[in-house]
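Novice:
In structure tokens, the structure reads:
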């Protein structure tokens, strides 16, 4: 039996809702629970789960929807009681021992020694909090997305005028003085400094370096739009100037989506004035080349390898490469698939990882539809529906309004994974599995559970869509890198060392060895 109710004008943060949904789903007699804000994406997910969303009438993103599938009335009542208790507790005082400041003003007054403010509130409120922090002369990291371009430009101009660092908006990752902020991995201190207009791009490079035994001095996020013509690279320039002056930074890495040409030219002129080696990854820049102290790389994997070489004078290419065994397995599985299976589907939680896969695959497998806003590829009219070859960034703003980022809450991705596994035309499903602080506690375990439930077997086999994944993380991450890999491989998932190598394996599967 299914029951769906709405609580009008009842906002709760997406992480709380994810936890409540998960815990309620584990109650006896409960088949499934979705507790979510009434955004378009959430309503679609609830509708796809079989609930009558239309019966609720007109909704707004400030309304809370509770959808429960139960075996009987008693179980349904228990679930409602549990959800009511958990959501009401969110609004109650935690007592003096756990007292939290109710506003930014109170926090700054209570803890005057704080020199940085991390902002993670709904996007429409984030800019106002950032203005407060900057006016109080604190550095700022805006984790929130859905902040207007105009606000971003004005905030960064204010920060620059006060010689303050403003990371974001939509800055997912930073490691400042060895303290991880947002989504960050366990990475040792070292001599490589990273400036990134990409959270998962920064995670991928820093994690590869950590697995090679190398560390970073600082990892400074800028927000994905910083190198656009509208913003002008304000944070990127300030961060690079800081690393150029930092005596503990011997090598600099710059990671970004393809930047505005004039902004890029100004940044490269700045970097050309230092003697430090600089490794640059601009997504879509597909050539490896070196100009004086600047080395341009076509993948995040090669970015990490070049940074490691610059820092140590040694080559690490043999340590990060395609496995011959995996290549052979991919070809064997492809030969065992029926001819109807011919399409690739990429379901990514990291936007830059999705883009990297697009650029690697796009030149050989044919048109790939996507929601990543790259004009070189056809845009999906409806990002919730795959068309032939498709790669989707599930961390895009359209999917994260009113719900936790998919690196925290995989609920929608798992439903999409089940759908792609059930599609008889799908040959390869490409996934990123991102570990680290702030991320899902067991992403691989949830993926495996979904695969087993969908195929009704313990392991993928001949004739199934093959699943190829990479794990972005380190051996020190709380999710346990090796344990995550073992869960995936034991279920028949092919796990490559990096995202770029996973994309190249997928390329082999779709087009064979020829041209790959």
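Residue numbers (this note's numbering): 26 to 541. All residues carry an ideal CB built from backbone N, CA and C; glycine is no exception. From a predicted model like this one, the values you see are computed outputs, not experimental measurements.
1) Is residue 243 helix, strand or coil when you go by DSSP?
2) Cβ of residue 452 within 8 Å of Cβ of residue 368?
3) What residue range does the alpha helix (DSSP H) around residue 105 cover?
4) Would you say the beta carbon of residue 107 comes nearer than 7 Å to a heavy atom of the ligand ATP?
5) By the DSSP assignment, the alpha helix (DSSP H) with residue 156 in it spans what residues?
6) Evaluate the contact criterion for the region 226-238 versus the region 256-269: three or more CB pairs, one atom per stretch, below 8 Å.
7) On a Cα-Cα basis, can you pick out the residue from 438, 90, 396 and 162 that is closest to residue 421?
8) With a Cβ-Cβ cutoff of 8 Å, do residue 283 and residue 307 count as a contact?
9) Quick one: what does DSSP say residue 360 is sitting in, helix, strand or coil?
10) Measuring straight from C-alpha to C-alpha, what distance separates residue 437 and residue 70?
11) Kindly list the residues whose CB is nearer than 6 Å to the CB of residue 94, restricted to its own chain and excluding five residues on each side of it in sequence; keep chain order.
12) Name the two residues that bound the continuous alpha helix (DSSP H) containing residue 311.
13) With a threshold of 8 Å on Cβ separation, who are the neighbours of residue 97 within its own chain once the five nearest residues in sequence on each side are excluded?
14) Can you list, in chain order, the stretches of the beta strand (DSSP E) that have 3 or more residues and sit fully within the region 459-516?
15) Taking only the alpha-carbon atoms, compute the straight-line gap between residue 247 and residue 381 and give it to the nearest angstrom.
16) Pull up the distance between the alpha-carbon of residue 102 and that of residue 42, whole angstroms please.
17) Less than 8 Å between the CB atoms is what I'm expecting for residue 192 and residue 260, so what's the real figure, rounded?
18) Taking the continuous alpha helix (DSSP H) assigned at residue 260, which residues delimit it?
19) Specify the secondary structure class of residue 379 as computed by DSSP and reduced to three states.
20) Report the rounded CA-to-CA distance for residue 170 versus residue 376, giving the unit in angstroms.
21) On the DSSP letters alone, give me the boundaries of the alpha helix (DSSP H) that residue 229 sits inside.
22) Which residue or residues does DSSP assign as beta-bridge partners of residue 415?
23) Below 8 Å, can you find three or more Cβ-Cβ pairs linking the region 167-187 to the region 441-448?
24) According to DSSP, simplified to helix, strand and coil, what is residue 84?
25) Whole angstroms are fine: how far does the CA of residue 526 sit from the CA of residue 349?
26) Write down every uninterrupted run of the beta strand (DSSP E) in the region 42-84 whose length is 3 residues or greater and which is fully enclosed by it, in chain order.
Specialist: On the basis of the data shown:
1) Looking up residue 243 in the chain shown gives position 218. The answer is strand: DSSP assigns residue 243 an E or B state.
2) For the purposes of this step, residue 452 is taken as the residue at position 427 of the chain shown. For the purposes of this step, residue 368 is taken as the residue at position 343 of the chain shown. In this structure, residue 368 lies closer than 8 Å to residue 452 by Cβ.
3) Residue numbering aside, residue 105 sits at position 80 when the chain shown is read from its first letter. Where residue 105 is concerned, the enclosing alpha helix (DSSP H) stretches over 98-114.
4) With respect to small molecules bound, the structure shown includes none, and the ligand ATP cannot be examined in it.
5) Working through the chain shown from its first residue, we reach residue 156 at position 131. Residue 156 -> alpha helix (DSSP H) spans 148-160.
6) no
7) Counted from its first residue, the chain shown places residue 421 at position 396. Checking every option, the nearest Cα to that of residue 421 belongs to 396.
8) Here residue 283 refers to the residue found at position 258 when the chain shown is read from its first residue. Here residue 307 refers to the residue found at position 282 when the chain shown is read from its first residue. Closer than 8 Å, so yes.
9) For this step, residue 360 is matched to residue 335 along the chain shown. In this structure, residue 360 counts as helix in the three-state DSSP scheme.
10) For this step, residue 437 is matched to residue 412 along the chain shown. For this step, residue 70 is matched to residue 45 along the chain shown. When rounded, the distance between both Cα atoms is 7 Å.
11) Your numbering for residue 94 matches position 69 in the chain shown. So the qualifying residues of the chain are 27, 56 and 57.
12) For the purposes of this step, residue 311 is taken as residue 286 along the chain shown, with counting starting at 1. Segment: none, residue 311 is in no alpha helix (DSSP H) and carries neither H nor E.
13) What you label residue 97 is simply residue 72 of the chain shown in a count that begins at 1. Result list for residue 97: 26 and 54, in chain order.
14) 491-497
15) By one-based count along the chain shown, residue 247 stands at place 222. By one-based count along the chain shown, residue 381 stands at place 356. Going from the Cα of residue 247 to the Cα of residue 381 covers about 19 Å.
16) Working through the chain shown from its first residue, we reach residue 102 at position 77. Working through the chain shown from its first residue, we reach residue 42 at position 17. Rounded to whole angstroms, residue 102 to residue 42 spans 19 Å at the Cα level.
17) Position 167 of the chain shown holds residue 192. Position 235 of the chain shown holds residue 260. About 6 Å; that satisfies the 8 Å criterion.
18) Within the chain shown, the letter at position 235 stands for residue 260. Unbroken alpha helix (DSSP H) run through residue 260: 259-270.
19) Here residue 379 refers to the residue found at position 354 of the chain shown. Note: residue 379 maps to helix in three-state DSSP.
20) Start at 1 with the first residue of the chain shown, and residue 170 comes out as number 145. Start at 1 with the first residue of the chain shown, and residue 376 comes out as number 351. Computed Cα separation, rounded: 13 Å.
21) Against the chain shown, residue 229 aligns to sequence position 204. It spans 224-236 - the alpha helix (DSSP H) in which residue 229 sits, taken as one unbroken run.
22) The residue labelled residue 415 in the question sits at position 390 within the chain shown. Paired residues: 370 and 394.
23) no
24) Locating residue 84 in the chain shown gives position 59, counting from the first residue. Coil.
25) Within the chain shown, residue 349 is the residue found at index 324, counting from 1. Within the chain shown, residue 526 is the residue found at index 501, counting from 1. So the two alpha carbons sit approximately 12 Å from each other.
26) 55-62
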